[in-house]
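Heads up: the structure comes next, in structure tokens.
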Amino acid sequence: MLKYYLLLFFANFLFAQDHIEIKGLRVYSYESEIYPPIIVRYDTLWNGEPNTANDYIVIEFDVKSTTLPDIGIRFYHCDRNWRKTENIFVQDFFHSKSLSLNYTTAEKGIKGYNFHFKNIFPDPNGVVRFPYSGNYVFEIYNVKADTIVYASGRFILVDKLTDVNASLRKVLLGDKADLRNYVNEIDVEVEIPDSLSWYYVTTVDIYENWKIFYPYRIDFAERKKYSYVSGFPSSSRIFKIWNIYPLNEYRQIDLRSEKIYPNGYPVTPIGGVDKVRKFWQGEPDMDGGCRIVEEGMYSEYLEVNFQLEVDRETEQKIKGDIFIVGAFNNWKPKPEDILKYDPVRNCYYVKKWLKRGIYDYQYVVGYYDYGKDEVIVIDWLELEGNDWRTSNSYYIVVYYKDPQFGGFDRIIGFTKIKG
Numbered sequence: 008m009l010k011y012y013l014l015l016f017f018a019n020f021l022f023a024q025d026h027i028e029i030k031g032l033r034v035y036s037y038e039s040e041i042y043p044p045i046i047v048r049y050d051t052l053w054n055g056e057p058n059t060a061n062d063y064i065v066i067e068f069d070v071k072s073t074t075l076p077d078i079g080i081r082f083y084h085c086d087r088n089w090r091k092t093e094n095i096f097v098q099d100f101f102h103s104k105s106l107s108l109n110y111t112t113a114e115k116g117i118k119g120y121n122f123h124f125k126n127i128f129p130d131p132n133g134v135v136r137f138p139y140s141g142n143y144v145f146e147i148y149n150v151k152a153d154t155i156v157y158a159s160g161r162f163i164l165v166d167k168l169t170d171v172n173a174s175l176r177k178v179l180l181g182d183k184a185d186l187r188n189y190v191n192e193i194d195v196e197v198e199i200p201d202s203l204s205w206y207y208v209t210t211v212d213i214y215e216n217w218k219i220f221y222p223y224r225i226d227f228a229e230r231k232k233y234s235y236v237s238g239f240p241s242s243s244r245i246f247k248i249w250n251i252y253p254l255n256e257y258r259q260i261d262l263r264s265e266k267i268y269p270n271g272y273p274v275t276p277i278g279g280v281d282k283v284r285k286f287w288q289g290e291p292d293m294d295g296g297c298r299i300v301e302e303g304m305y306s307e308y309l310e311v312n313f314q315l316e317v318d319r320e321t322e323q324k325i326k327g328d329i330f331i332v333g334a335f336n337n338w339k340p341k342p343e344d345i346l347k348y349d350p351v352r353n354c355y356y357v358k359k360w361l362k363r364g365i366y367d368y369q370y371v372v373g374y375y376d377y378g379k380d381e382v383i384v385i386d387w388l389e390l391e392g393n394d395w396r397t398s399n400s401y402y403i404v405v406y407y408k409d410p411q412f413g414g415f416d417r418i419i420g421f422t423k424i425k426g
């Protein structure tokens with residue numbers, strides 16, 4: 008009889024968890040919600056004063072649940088390839104979890120969610136600490152059954168211990184002088200102080216805008232056609248890459264007006280059906296970011312019907328499926344982000360539930376990898392075009408293979424350039 012009650016309790020417990028839905032997960036810089044989640048410690052302002060505006064990240068999300076969920080957030084240090092660091096001396100397990108999260112209850116009449124969570128890390132009380140720089144992942148999980156993970160995300164933590172200078176210029180890739188053949192060439196110079204060994208400075212990653220899942224890598228150990236590293240042995244190292252397509256300015260959808268898009272009604276964007284943009288430049292964007300209506304009676308979720316018209320010539324060139332990516336899915340498409348063909352309207356479409364706000368987005372070509380259980384993006388250019396006039400932000404991080412504790416990856420340098 009005791010076993011029966013235990014099994015019944017466990018089954019009911021799991022059934023209750025199925026009703027918890029994480030929505031609108033965002034992680035961004037404390038400095039501004041339009042900046043990607045990069046913490047930079049030990050940097051200074053123009054006048055030499057410490058710069059603390061980017062010493063924190065914000066993790067924000069909504070929860071659809073009839074009762075307040077018993078959830079927490081836990082953090083893991085990762086190597087340069089975003090694999091969890093298997094080192095008990097690096098992972099601070101005593102200060103890697105937050106079980107007391109700040110939240111507010113949704114206003115009466117809001118149907119898309121019940122609770123809004125917004126928390127800053129590392130937190131002011133010192134519960135969560137990040138002793139070492141590097142890549143980090145976080146998980147939103149069930150406190151009573153910690154193998155249940157509802158959502159996860161990434162951020163970067165830099166200890167600015169080196170001087171990093173970078174420059175960008177437009178170059179022609181190939182012989183044909185065409186707008187679509189221009190790429191960005193980026194040179195990165197790293198000054199290595201005496202406190203660090205030049206031997207362990209071998210890798211630089213360049214993140215374009217918010218594409219935290221798709222870095223451009225320059226690695227001394229990886230011989231590639233369009234990159235190289237020089238300066239061995241030396242206190243100064245040069246990292247160079249010259250095949251970064253500027254692509255196009257992102258598309259944008261603005262859902263902030265309740266008069267244009269009232270609560271409770273499906274959204275058809277007033278701009279009409281999206282078109283393939285290979286031959287014209289888009290309007291200025293937020294470099295992949297978004298601005299959200301966080302709380303209040305109009306902070307509702309709306310069902311948005313995205314539609315894309317593809318010409319026959321482009322359609323025949325596509326080697327995969329079409330997906331939508333943007334600030335609403337952290338620029339990482341999932342299987343539900345695939346566009347389906349509508350023969351009646353002769354266009355592709357996908358429906359997304361988005362919280363009121365303004366979002367950057369675009370369309371990509373990719374496929375679902377069943378073995379990896381993820382969508383692989385193979386083409387950012389075919390549906391959006393490439394234009395040398397496009398403005399992007401490039402976030403450059405310098406990795407250091409610290410020999411302590413058997414070896415682990417830190418990030419010791421950082422700079423940002425616009426081009």
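Taking the numbering used here, I'd label the letters of the sequence shown as residues 8 to 426.
Virtual Cβ for every residue (Gly too), placed ideally from N, Cα, C.
Predicted model only: the values in this text are computed from it and were never measured.
Can you check DSSP and say which residues form a bridge with residue i?
i    : result
N142 : C85, I163
T51  : P57
F220 : Partner(s): none; F220 has no beta bridge.
D416 : K408
A46  : Reading off the sequence shown, one finds Ile at residue 46, where the question assumed Ala. Beta-bridge pairing links I46 to L164.
Between residue i and residue j, what straight-line distance do the alpha-carbon atoms span, to the nearest angstrom?
i    : j    : result
K359 : I260 : 12 Å
S204 : E196 : 16 Å
F227 : Y221 : 19 Å
A60  : Y377 : 41 Å
S400 : T73  : 41 Å
Y139 : S202 : 16 Å
V156 : G238 : 44 Å
Y272 : I383 : 33 Å
D294 : V236 : 28 Å
V208 : F421 : 13 Å
D344 : P131 : 37 Å
H26  : E114 : 20 Å
R263 : I365 : 7 Å
L32  : G327 : 28 Å
Y214 : K104 : 27 Å
Y305 : N337 : 23 Å
V34  : V351 : 39 Å
N126 : E301 : 13 Å
L175 : I219 : 20 Å
How should residue i be labelled, buried or exposed, when 16 other C-beta atoms within 10 angstroms of its C-beta is the threshold for buried?
i    : result
V135 : buried
E93  : exposed
F145 : buried
L106 : exposed
D349 : exposed
F124 : buried
N393 : buried
E391 : buried
P410 : exposed
A152 : exposed
F246 : buried
Kindly indicate the opening and closing residues of the beta strand (DSSP E) around residue i.
i    : result
Q411 : No beta strand (DSSP E) contains Q411, which DSSP labels as neither H nor E.
E310 : 308-316
E198 : 189-198
R136 : No beta strand (DSSP E) contains R136, which DSSP labels as neither H nor E.
N126 : 122-128
R176 : 170-179
V384 : 381-386
E67  : 64-71
V211 : 210-215
E114 : First-last for E114: undefined, no H or E at that position.
For the alpha helix (DSSP H) that residue i lies in, which residues bound it at each end?
i    : result
R363 : Premise fails: R363 is in no alpha helix (DSSP H) and is neither H nor E.
E320 : 319-324
Practice prompt. Could I get the ranges of all uninterrupted beta strand (DSSP E) runs contained in the stretch 235-277, with 3 residues as the minimum, in chain order?
Written response: 243-251, 258-261
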